[in-house]
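Participant: Residue numbering for the sequence shown follows the numbering used here, starting at 5 and increasing by one per position. We put the CB at the ideal spot given by N, CA and C, even for glycine.
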Amino acid sequence: MKTFFTWSILSLFFIISCNANNKSNSEISLRKEKNHIISTTKTDPNIRNIQVALLLDTSNSMDGLIEQAKAQLWEIVNELSYAKCGHNKIKLEIALYEYGNDGLPSQEGFIRQVLPFSNDLDEISKELFALTTNGGNEFCGKVINTSINQLGWKKSNDHLKLIFIAGNEPFTQGPVNYKDAATDALEKGITINTIFCGNYRQGIDTQWKHSADITYGEYSAIDHNRETIHIATPYDNVILELNNKLNKTYLYYGNQGAQKRKLQAEQDHNARSYSSANAVSRTVSKSSGFYKNKSWDLIDAVEDESFEIEEVEKEDLPQELKDKSKTELTQYIAEKSTARKEIQQEINELNKKRVQFIKENSKKEGTSLETALLNAIKKQGRKKAFTWEE
């Protein structure tokens, strides 16, 4: 009887505590936007994520900003691929929003989620190249608030969770107060970094710096109309030849395999449309740990312990693989995997020489989207034990 009484008291205390917590959480949620859902995802404890939400103003005056994003994507990815965090594996996820464009739904605040958090680098490149500009209203607080609520941010603060917002209109516009949005980000361990496209002092006067300050982020001002300069090196042609060999190691499968293989080729072409040096940067990215395509490439897929080659139907394989036995297919995949690793290793060795050549031959330039992003990511990453080789 005594034991029963004790457990009854403890149970009652537990219920009261839970109700108190629920009340507290309800009171907090009332201060947020209605119908707002925080999405979080679990990860392997041995993985450290770099989550970057890129919010780009696509109003009429931002053509230069979008061009910089397209031209500098691969160098940004390459620099991030050098990140380390103890013995943990690093995973990069990029989300993309556009805002301030009259072509976007007014009921959504002229905001569109172009891509949720993704590690599909070809898909990210495709969506960047599809962006177009148009006149509109730039609601910075609204787009920050939307990205916080919609995206699958990791729960743990061990991960690097960053928002980068770029534009050139006052930060105070729109239905959501930027201070409330920034405070919400701070509470969730998300750092806001602001990139003003224009005069440094003007950005401060229009509250771009203040929003970053609330979350201890970085404020930068860039000349968004400055053309990206790609430095050609003596190693570029060899790296591009290796890219052709690298592409031949991809073995597509599944319903969308052929389409994804085509997308890969299209993004190679998009990179070349800026310069051969930019195509080289993409090739280096394809040799990094961030470029994985297990959803459509057999070589990347077999690295996943849960993947079973027997479960792939014959009709989902390319023609040259349909008649192979399981043993023959397994051996063929292993050979291609070995060839890929050798090619990637050769690309990475050449890239070390390429990077050194660029350092020795580059001139001091003004701040670009690339430098603003990387400076902020590295500075904030170091606070969470991320390191970069200098």
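1. Which residue from S329, H228, L119 puts its Cα closest to that of I313?
2. For R35, which three-state DSSP category applies?
3. Beta carbon of I194, beta carbon of W157: below 8 Å?
4. With a threshold of 6 Å on Cβ separation, who are the neighbours of K382 within its own chain once the five nearest residues in sequence on each side are excluded?
5. With a CB to CB cut of under 8 Å and the five nearest residues on each side skipped, what residues in its chain are close to I303?
6. For a test of the three-state rule: what should DSSP assign to N259, helix, strand or coil?
7. Can you tell me whether I351 is buried or exposed, with buried defined as 16 or more other CB within 10 angstroms of its CB?
8. Just checking my contact of T62 with E102 at CB under 8 Å: how many whole Å lie between their CB atoms?
9. Going by other Cβ atoms of all chains shown within 10 Å of its Cβ, with 16 needed for buried, is Q146 buried or exposed?
10. Measuring alpha carbon to alpha carbon, tell me which residue in N138, T187, S110 is nearest I148.
11. Who pairs with R116 in a beta bridge, going by DSSP?
12. Should the segment 296-311 be called in touch with the segment 240-252, which here means at least 3 C-beta pairs below 8 Å?
13. Which of the three DSSP states, helix, strand or coil, is assigned to N23?
14. Does the beta-carbon distance from E142 to G107 come in below 8 Å?
15. Could you tell me the alpha carbon to alpha carbon distance between L321 and N64, rounded to whole angstroms?
16. If I measure Cβ to Cβ from I94 and keep anything under 6 Å in the same chain, skipping five residues before and after, which residues do I get?
17. T136: which of F294, V118, P179 sits nearest, CA to CA?
18. Report the three-state DSSP secondary structure of S122 (helix, strand or coil).
19. Would you kindly work out how many angstroms separate the C-alpha atoms of M66 and Y220, rounded to a whole number?
20. Does DSSP put R230 in a helix, a strand or coil?
21. Thinking C-beta only, is W78 closer than 8 Å to S280?
22. To the nearest angstrom, how far is it from the Cα of D327 to the Cα of L333?
23. Mind listing, in chain order, the continuous alpha helix (DSSP H) runs of no fewer than 4 residues lying wholly within the segment 301-358?
24. Assuming T198 contacts I169 (C-beta within less than 8 Å), just tell me the rounded distance between them.
25. Specify whether the segment 68-84 and the segment 122-137 touch according to this definition: at least 3 beta carbon pairs, one from each stretch, less than 8 Å apart.
26. Just the Cα atoms here: how many angstroms apart are F133 and D217?
27. Along the chain, where does the alpha helix (DSSP H) that runs through L373 open and close?
28. Quick check: the Cα distance between E127 and I54, rounded to an integer number of angstroms?
29. What do you get for T409, buried or exposed, if any count of 16 or more other CB atoms within 10 angstroms of its CB means buried?
30. Please check the pair T237 and I80, which I expect to be a contact at CB under 8 Å, by giving their CB distance rounded to whole angstroms.
31. Among the candidates S122, G90, R116, whose CA atom is the shortest distance from the CA of K296?
32. Report the rounded CA-to-CA distance for Q268 versus A376, giving the unit in angstroms.
33. Apart from the five residues on each side of it in sequence, which residues of its chain come closer than 6 Å, Cβ to Cβ, to A275?
34. By DSSP's criteria, I169 is part of a beta bridge. Which residues make up the other side?
35. In terms of residues, what are the limits of the beta strand (DSSP E) holding W157?
36. If you drop the 5 nearest sequence neighbours on each side, which residues of the same chain put their C-beta closer than 6 Å to that of K213?
Facilitator: Taking the structure as given:
1. S329
2. Below a pLDDT of 50, predicted positions are generally treated as unreliable, and R35, at 38, falls in that range; the measurement from the model is reported next regardless. It is coil, neither helix nor strand.
3. yes
4. W392
5. T253, Y254, L255, I337, K340, S341, R344
6. coil
7. buried
8. 4 Å
9. Sequence inspection shows Lys at residue 146; the Gln mentioned does not correspond to that position. Buried, by the Cβ-count rule.
10. T187
11. E102
12. no
13. The pLDDT assigned to N23 is 43, lower than 50, so where the model puts this residue is not dependable; a value taken from the coordinates is nonetheless given after this. N23 falls in the helix class under three-state DSSP.
14. no
15. 45 Å
16. R52, A87
17. V118
18. strand
19. 26 Å
20. coil
21. no
22. 9 Å
23. 302-305
24. 6 Å
25. yes
26. 31 Å
27. 373-386
28. 18 Å
29. In the structure displayed, the chain extends from 5 to 394; residue 409 sits before or after that span and is not available.
30. Contact doesn't hold; Cβ gap of about 19 Å is too wide.
31. S122
32. 28 Å
33. N282, A283, R286
34. L59, T198
35. 156-158
36. Y223
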